[in-house]
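Encoded as structure tokens, the structure appears first; notes follow it.
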Amino acid sequence: MPAVSEQCREVMRAVDGAVACGILGLEEGVLLGYHAGASGMHPDALKIVAAAARELFIGSVSRLAVLARGADDGAHLHEIHLGATHHHIFAKHLVEQRRALVLVTEKSISIGMGWAMLRSKLDKLGRAGS
Numbered sequence: 240m241p242a243v244s245e246q247c248r249e250v251m252r253a254v255d256g257a258v259a260c261g262i263l264g265l266e267e268g269v270l271l272g273y274h275a276g277a278s279g280m281h282p283d284a285l286k287i288v289a290a291a292a293r294e295l296f297i298g299s300v301s302r303l304a305v306l307a308r309g310a311d312d313g314a315h316l317h318e319i320h321l322g323a324t325h326h327h328i329f330a331k332h333l334v335e336q337r338r339a340l341v342l343v344t345e346k347s348i349s350i351g352m353g354w355a356m357l358r359s360k361l362d363k364l365g366r367a368g369s
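Basically this note's numbering = 1-based index in the sequence shown + 239.
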């Protein structure tokens, strides 16, 4: 877990306005690593977001991906953005690892810039440890 938590710390350093980052195993739904700044977020916020991300990527909500024209029954969501009152929540399915990365940022950053910074850092980390 320390190596995965260090990857989360690196993502937070790379993304302006980052508040918390976690990587979870999708099959077991367990946080494999996380890092949070001193933001005043609820202590269980990342665990709550991680559980929701698991549902989005492999639960019934993931079936929304089959709505796309030409999608097969195996289609699933790859990236998700959620907007909350004070935060952006970015979630990226790391398909080859059966993991997901969840990043919470302040609302002060643009959604496009948040994705660009996150994707750039994931490429540098080798897709968070693949």
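The beta-carbon is built from N, C-alpha and C at its ideal position, and this holds for glycine as well.
In this text, all values refer to a predicted model and were calculated from it rather than measured experimentally.
Cβ-based burial, residue i [other Cβ within 10 Å; buried from 16]
i    : result
A367 : Bear in mind that the predicted position of A367 carries a pLDDT of just 43, short of 50, making it unreliable; the figure below should be weighed with that in mind. The residue in question, A367, is buried, as its Cβ has 16 or more Cβ neighbours within 10 Å.
L342 : buried
I328 : buried
V254 : buried
Reduced DSSP category for residue i - H, G, I as helix; E, B as strand; rest coil
i    : result
G368 : Low confidence applies to G368: its pLDDT is 44, below 50, so where it sits in the model is not reliable, and the reading given next is rough at best. Three-state DSSP puts G368 in a helix.
L316 : coil
V254 : coil
C247 : helix
L303 : helix
Per DSSP, cross-strand counterpart(s) of residue i
i    : result
A284 : The partner list for A284 (beta bridge, DSSP) is empty, contrary to what the question assumes.
L333 : R338
A291 : Answer by DSSP bridge pairing: none, since A291 is not bridged.
I328 : L321 and V343
Considering only residues of the region 338-363, which uninterrupted beta strand (DSSP E) runs meet the minimum length of 3 residues and lie entirely inside it, listed in chain order? 338-345
Is it the case that the region 335-354 contacts the region 249-262, given that we only count it when at least three CB pairs across the two stretches are under 8 angstroms? yes
Are three or more beta carbon pairs between the region 268-278 and the region 355-363 nearer than 8 angstroms? no
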